[in-house]
Amino acid sequence: MDNYTSDEDTDEDFDTQFIIQQSLQDIYKPGTAQHAPKDESSHSFLSADYKKIVGTIEKAGKEDALSHLTKCHSAFDEADEIGWIPLHKAAVQLNKKILEITLSASDPSLWEQTTHNGETPLFLAVSSCLLENATFLLLNGCNPNAKNFEGNSPLLTAVLRDSYDMAALLINYGADVNLRCANERTALHEAAKLGREDMVKLMLVSGAHPDPQSTYGFTPLALAAQSGHTEIMEMLLQKGKIFCLASDSSSILLEAASGGNPDAVALLLEYGADANIPKNSGHLPIHVAADRGHLLALKILIPVTDLAAIKQSGISPVHCAAAGAHPQCLELLIQAGFDVNFMLDQRVSKHYDDHRKSALHFAVSNSDLSSVKLLLSAGALPNQDPVNCLQIALRMGNYELISLLLRHGANVNYFCRVNPLHFPSALQYTLKDEVMLRMLLNYGYDTQRCFDCPHGDKVHPSYTVEGWTSTVIKDTKFCEVITLSWLQHLSGKVVRVMLDYVDQVRICSKLKAVLQKQGIWSEIHFILTNPRSLKHLCRLKIRKCMGRLHLRCPVFMSFLPLPNRLKAYVLYKEYDLYGQGIFTGTW
1 MDNYTSDEDT DEDFDTQFII QQSLQDIYKP GTAQHAPKDE SSHSFLSADY KKIVGTIEKA
61 GKEDALSHLT KCHSAFDEAD EIGWIPLHKA AVQLNKKILE ITLSASDPSL WEQTTHNGET
121 PLFLAVSSCL LENATFLLLN GCNPNAKNFE GNSPLLTAVL RDSYDMAALL INYGADVNLR
181 CANERTALHE AAKLGREDMV KLMLVSGAHP DPQSTYGFTP LALAAQSGHT EIMEMLLQKG
241 KIFCLASDSS SILLEAASGG NPDAVALLLE YGADANIPKN SGHLPIHVAA DRGHLLALKI
301 LIPVTDLAAI KQSGISPVHC AAAGAHPQCL ELLIQAGFDV NFMLDQRVSK HYDDHRKSAL
361 HFAVSNSDLS SVKLLLSAGA LPNQDPVNCL QIALRMGNYE LISLLLRHGA NVNYFCRVNP
421 LHFPSALQYT LKDEVMLRML LNYGYDTQRC FDCPHGDKVH PSYTVEGWTS TVIKDTKFCE
481 VITLSWLQHL SGKVVRVMLD YVDQVRICSK LKAVLQKQGI WSEIHFILTN PRSLKHLCRL
541 KIRKCMGRLH LRCPVFMSFL PLPNRLKAYV LYKEYDLYGQ GIFTGTW
């Protein structure tokens, strides 16, 4: 394609743009406001006769006065701002005599005229549930199948208004029970969805097809199943098919599971519904019931769902119950033997930004303590996700959640997948909170790495190489982080706490320069320049020999041949602020 544009073309474009701009400026000049033609015609050009006719129609008992106005034939053709002619007004009056007079005065071509919403006089009478008016209009040949602009028919409107007599009247006068309305739904769809049992019987007796599918593939049975209308479901099951799938391959049983009515689920299974048919997303009925928290429906679906189908789906109902924060469903699934360590398949986990895998991750993300306790007690492993569960709890600052995870083996020394730090990542969330910091250190955080620095007493080099900035991923040392201008004020308190968990350490020149400005420097300097106590060194040695996992295991500690007081000392109980009920750890 030739994309060359000549100078003449460019000049013409500028001229055109200038003309458009001038026109817009003229339109929006003060005092030159433009009015819509429709508003002007609808208000300024309505005749006095029209106004008299409408005023008379809307007043009860004015039949004689209206009869005198029937000679004003042209006024009966006029419409107001919403497209209503006098016949529309008369169709919604309680006095049928008013409608009779108005209809006789109106030209037959107006009997099917629509409002701006596409409503005929008959449609308005049906919508207002005025049975006598509708009967009169039908006797005079008005079309019972004329839909409004939304695509709804008079019959469907009668169903929505729950007017059985009106629906029967329309059918008697030729209303099509299989007429497709908005989203390709029929009147039977709406009757089934709304639980109108008498309407459903009427439609079926009048020849309605039992299994029409809407735009999205839903049948009346599927809509009844969603809402748990079991009586209607049984009627439709005796007439139609149970194996219709929606456009997303959602089965009728899955729709019943989403509604949560256990009787609806049981009924479909009784008629042969298969609990192992997935929708396009891979979800089975059991997944939907667990996600919505429908405990009774879940109880029915557990024994009829194959584990092979669940494995093929790539997601466990345990994930769904945890994601929906439904501990009762979660407990039921655990009791039924579902694996709490079932990991999301890669094709499912990739839809999450953090690529989560475990059910525990969902529960922790929701701050759902009940579900977290159930999962951990059942043996859920806390270190299986790309983004560690402990990291999420630390980010939220939830002490109880952090304590739970640590007691069940959460790795305090995890490193983020994209991590610029030389020390384990968890520390960055605790620098302003002593309670959380002590939790990490008590459970074996590798404090020694925080004092690693290759420069020692030498001057630290500044990164002047092109392309290297403070945001570049590199092996950033603790001294570089804690000496940042917005963290310096915390350095003294953080380092002082860390010294309770290490042997003799040396601090580098960069960290020392910042610490010397802190009020707590004298205490830090005393610890750094004097030998540590023997009992402190023994504690560190015992903890190193035991290892992090044994330290957090109550059973192992109970068999350790040491006095309770010594066990408490080894576990740093004197620094367990959370265990002591101290919940305000911000410095």
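The opening residue of the sequence shown carries number 1 in the UniProt record's numbering; numbering runs sequentially from there. Each residue gets a CB set at the ideal place from its N, CA and C atoms; glycine is no exception. Quick caveat: nothing in here was measured; it's all calculated off a predicted structure.
Skipping 5 residues on each side, what residues in its chain have a beta carbon closer than 7 Å to that of residue i?
{"i": "Ala-245", "result": "Per the sequence shown, the amino acid found at residue 245 is Leu instead of Ala. Gly-217 and Ser-251, listed in sequence order."}
{"i": "Glu-574", "result": "none"}
{"i": "Met-203", "result": "Val-177, Ala-187, Leu-188 and Ala-191"}
{"i": "Ser-349", "result": "His-355, Arg-356 and Lys-357"}
{"i": "Leu-160", "result": "Glu-190"}
{"i": "Ala-182", "result": "Glu-150, Gly-151 and Asn-152"}
{"i": "Arg-180", "result": "Thr-186"}
{"i": "Ala-134", "result": "Leu-122, Ala-125, Val-126, Met-166 and Leu-169"}
{"i": "Gly-314", "result": "Gly-282, Leu-344, Asp-345, Arg-347 and Val-348"}
{"i": "Ile-527", "result": "Leu-499"}
{"i": "Ser-163", "result": "Cys-129"}
{"i": "Leu-296", "result": "Pro-262"}
{"i": "Leu-223", "result": "His-189, Ala-192 and Lys-193"}
{"i": "Tyr-173", "result": "Leu-138 and Pro-144"}
{"i": "Arg-196", "result": "Val-159 and Asp-162"}
{"i": "Tyr-578", "result": "Tyr-399, Ser-403, Val-435 and Met-439"}
{"i": "Val-54", "result": "Pro-86 and Lys-89"}
{"i": "Lys-477", "result": "His-422, Asp-452 and Cys-453"}
Would residue i and residue j qualify as a contact pair, given that the criterion is a beta-carbon distance under 8 Å?
{"i": "Leu-137", "j": "Ala-125", "result": "yes"}
{"i": "His-422", "j": "Arg-449", "result": "yes"}
{"i": "Val-570", "j": "Arg-539", "result": "yes"}
{"i": "Cys-86", "j": "Thr-102", "result": "The amino acid at residue 86 is misidentified as Cys; the sequence shows Pro. It is a contact, given that the beta carbons lie within the stated cut-off."}
{"i": "Ser-371", "j": "Pro-327", "result": "yes"}
{"i": "Ala-75", "j": "Asp-49", "result": "yes"}
{"i": "Ala-359", "j": "Ser-403", "result": "no"}
{"i": "Val-497", "j": "Arg-438", "result": "yes"}
{"i": "Val-364", "j": "Ala-336", "result": "no"}
{"i": "Leu-169", "j": "Leu-131", "result": "yes"}
{"i": "Leu-511", "j": "Cys-479", "result": "yes"}
{"i": "Ser-367", "j": "Leu-405", "result": "no"}
{"i": "Tyr-572", "j": "Asn-442", "result": "yes"}
{"i": "Gly-141", "j": "Thr-115", "result": "no"}
{"i": "Lys-97", "j": "Glu-63", "result": "yes"}
{"i": "Glu-112", "j": "Asn-148", "result": "no"}
{"i": "Val-435", "j": "Thr-483", "result": "no"}
{"i": "Ala-323", "j": "Asp-291", "result": "yes"}
What does DSSP give as the partner residue(s) for residue i in the beta ladder?
{"i": "Thr-219", "result": "None, per the DSSP bridge assignment."}
{"i": "Leu-421", "result": "Thr-476"}
So, at 6 Å on beta carbons, what are the nonlocal neighbours of residue i in its own chain, with the 5 sequence-adjacent residues on each side left out?
{"i": "Leu-490", "result": "Leu-431"}
{"i": "His-294", "result": "Gly-260"}
{"i": "Ser-106", "result": "Phe-76 and Leu-87"}
{"i": "Asn-280", "result": "Asp-248 and Ser-249"}
{"i": "Pro-210", "result": "Leu-236, Lys-239 and Gly-240"}
{"i": "Ile-232", "result": "Ala-192, Glu-197, Val-200 and Ala-224"}
I believe residue i touches residue j by the beta-carbon criterion, under 8 Å. Please report the beta-carbon distance rounded to the nearest angstrom.
{"i": "Leu-560", "j": "Gly-409", "result": "At roughly 18 Å, the Cβ-Cβ gap does not stay under 8 Å, so Leu-560 and Gly-409 are not in contact."}
{"i": "Ile-286", "j": "Leu-268", "result": "In fact, because the Cβ distance is near 14 Å, the residues do not count as touching under 8 Å."}
{"i": "Leu-301", "j": "Val-265", "result": "7 Å"}
{"i": "Glu-46", "j": "Ile-57", "result": "What sits at residue 46 in the sequence shown is Leu, not Glu. Rounded, the Cβ-Cβ distance is 14 Å, inconsistent with contact."}
{"i": "Glu-255", "j": "Thr-215", "result": "The Cβ separation is near 16 Å, so there is no contact."}
For residue i, which residues in the same chain have their Cβ closer than 8 Å to its Cβ, ignoring the five residues on either side in sequence?
{"i": "Glu-331", "result": "Leu-374"}
{"i": "Leu-537", "result": "Asp-503"}
{"i": "Pro-278", "result": "Ser-249, Leu-284, Ala-309, Gln-312 and Ser-313"}
{"i": "Gly-379", "result": "Val-340 and Asn-341"}
{"i": "Ser-509", "result": "His-455, Gly-456, Asp-457, Lys-458, Val-459 and His-460"}
{"i": "Arg-543", "result": "Gly-444, Leu-551 and Val-570"}
{"i": "Tyr-414", "result": "Asn-383, Asn-388, Leu-390, Gln-391, Pro-424, Ser-425 and Ala-426"}
Any Cβ of chain D within less than 8 Å of the Cβ of residue i?
{"i": "Leu-437", "result": "Judged by its chain identifiers, the structure shown contains no chain D, having just a single protein chain."}
Jot down the residue ranges of each uninterrupted alpha helix (DSSP H) in the UniProt repeat "ANK" (355-380), minimum 4 residues, whole runs only, in chain order. Whole alpha helix (DSSP H) segments, 4+ residues: 359-365 and 369-377.
Let me know the alpha helix (DSSP H) ranges lying completely inside the region 528-564, each 4 residues or longer, listed in chain order. Segments of the alpha helix (DSSP H) lying fully in the region 528-564: 534-546, 548-551 and 554-559.
What are the start and end residues of each continuous alpha helix (DSSP H) run of 4 or more residues lying completely inside the region 383-422, in chain order? Segments of the alpha helix (DSSP H) lying fully in the region 383-422: 389-396 and 399-407.
Going residue by residue through the region 247-327, where are the continuous beta strand (DSSP E) segments of at least 3 residues, counting only ones entirely within it? Taking 3 residues as the minimum length, the region 247-327 contains no beta strand (DSSP E) run wholly inside it.
Alpha helix (DSSP H) runs wholly inside the region 45-133, at least 4 long, in chain order: Those alpha helix (DSSP H) runs which fall completely within the region 45-133 and span 4+ residues are 48-57, 63-69, 86-91, 96-105 and 121-127.
To test your reading of the DSSP string, which unbroken beta strand (DSSP E) runs of 3 or more residues are found completely within the region 483-514? Runs of the beta strand (DSSP E) inside the region 483-514: none found.
In chain order, which alpha helix (DSSP H) runs of at least 4 residues are fully inside the region 130-178? 131-139, 154-160 and 164-172, all fully within the region 130-178.
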